[in-house]
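Written out below as C-alpha cells is the structure these notes cover.
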Amino acid sequence: VDALLDALAGRVGHAIFVSTGRVYDHARPIPFDETTPRTLYWGEYARLKIEGEDVLLRRHREHGLAVTIVRPTHVFGPLNTRNNETFFFDRLVRGRPVLLPGPGGWLRQFGHVEDLADAMAAMLGHPAAAGQAYNVTGEESVTQAGFVEVIAEVIKRPLTLVPCPPGETPPPFGQNLVYDCHAVYTTTKVREELGIRPRYTLAAGIAQTFEWYLKEGLGRRELDFSREDALLRRSG
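Counting with this note's numbering, you get residues 646 to 881 for the letters of the sequence shown.
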C-alpha cells in the first residue's frame with residue numbers, strides 16, 4: 646500500500662481501502678461495531694488487512710490524505726468469486742438435500758455487491774468520511790440454516806436440511822460459511838454519519854443473483870457430489 650501511494654503521490658484525492666469485517670476479534674460479544682478491537686483471530690488474512698488499514702490511517706494523520714476504510718462482510722451477488730449463494734443454488738435446483746455444519750445456528754450477515762459499490766462511490770470526496778472506518782453490509786443477520794431457508798423460499802425449491810453426522814469433518818457449506826462463531830455487525834455509523842444504507846434486502850439480492858445464475862446456465866454444470874453422498878448415507 647505504501648508503494649502504491651508513493652507512486653501516486655499528488656494524484657490521489659481520496660483513497661478508499663476495502664478491508665474486511667474479519668479484522669475484528671470475533672471472540673467478543675456481537676454485534677461488532679467500528680470500535681471493536683482488531684485482532685489476528687482470522688490469521689494472515691486479518692494481519693494483512695490490518696496492516697493496510699494502518700498504512701492509510703497513518704498517511705491521513707501525517708500527510709492529510711483523505712482516506713476511508715470500508716469493512717464489508719460476506720459480499721454476494723452476480724459474478725461472486727466466493728462460492729456461497731451459487732453453492733446452494735447448485736444443490737436446490739437439482740433437488741438435493743443440503744448438509745449443515747452441525748445445527749447450522751451460527752449467525753452470518755451478507756451485503757450485496759451493488760450496495761457496497763454504491764456506498765464507496767458515495768464516500769468519495771465526502772469530508773465526513775475522511776479518516777474513518779465503516780462497516781458496510783446488509784442490515785439483516787441470519788443463521789447458516791436460515792440463509793439456506795431464505796434461498797429455498799426465494800427460488801421456490803423444496804429444501805431438506807441434514808445436520809452433518811457427529812464426529813464427521815463438516816462438508817463444504819458455501820465457500821467460507823462453516824466457521825464456528827457468530828459474525829454480526831452494526832451499520833449504524835455509516836447510516837448516521839453518511840446517510841448510506843443498502844437498497845437490497847437479503848431476499849431481493851438472492852432473487853437478483855438467481856436470475857443471473859439461470860441466465861448464465863450455471864445450473865447445467867457437471868458437479869461432483871460424491872463426498873456429500875457418502876456423508877448422507879452415513880447420516881441415515
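Even for Gly, the Cβ is constructed at its ideal location relative to N, Cα and C. These numbers come from a predicted model, not from an experiment.
Can you tell me whether DSSP reads PRO803 as helix, strand or coil? coil
Provide the residue span of the alpha helix (DSSP H) that contains TYR858, from first to last. 847-860
Selected residue, minimal CA-CA separation from PRO676, among ALA764, LEU863, ASP647, THR831: THR831
Would GLY770 and HIS671 qualify as a contact pair, given that the criterion is a beta-carbon distance under 8 Å? no
Alpha carbon to alpha carbon, what distance is there between GLN754 and ASP763? 18 Å
With H, G and I counted as helix, E and B as strand and the rest as coil, what does DSSP make of LEU877? helix
What separation, rounded to the nearest whole angstrom, lies between the Cα atoms of VAL738 and ALA766? 35 Å
Neighbourhood of THR681 by C-beta distance below 7 Å, restricted to the same chain and skipping five residues each side: TYR669, ASP670, ARG673
Measure the CB-CB distance between PHE734 and PHE870 and report whether it falls below 8 Å. no
Apart from the five residues just before and just after HIS705, which ones in its own chain have a Cβ nearer than 8 Å to its Cβ? ALA711, VAL712, ALA775, GLY776
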